[in-house]
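Structure follows, in structure tokens:
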């Protein structure tokens, strides 16, 4: 049987400390105990894996957006197949009569 850190502290406790320090450590130990209880089962592991998958997906999408932005800055607006010329000078280019507007 595994022991939590709270049970281990209760069993091995021999020293005393001031109440302020005791409350600080008790809060941390209680938080550790609760997270241990939540994540020790299959549902907790599944939740943890799902949260990790979401975090990885978010990081990948941010990396893709940064790479796309860098590529568009590298090529510049004049090299794009969708636009012709710089966007500031587009108003001076006469419209193509073969295209419907």
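Numbering (the UniProt record's numbering), first residue to last: 1 to 101.
Here a beta-carbon is modelled for each residue, glycine too, at the ideal position from N, C-alpha and C.
{"Asked": "Compute the minimum distance between the beta carbon of residue 44 and the heavy atoms of the ligand SAM, and state whether it is under 7 Å.", "Found": "Of the ligands one can find in the structure shown there are none, so the ligand SAM has no counterpart to examine."}
{"Asked": "Return the first residue and the last residue of the alpha helix (DSSP H) that residue 34 is part of.", "Found": "19-39"}
{"Asked": "Which residues bound the alpha helix (DSSP H) around residue 65?", "Found": "42-75"}
{"Asked": "Excluding the 5 residues flanking residue 92 on each side, which residues of the same chain have their C-beta closer than 8 Å to its C-beta?", "Found": "none"}
{"Asked": "In three-state DSSP terms, what is residue 10?", "Found": "helix"}
{"Asked": "Check whether the Cβ atoms of residue 6 and residue 29 lie closer than 8 Å to each other.", "Found": "yes"}
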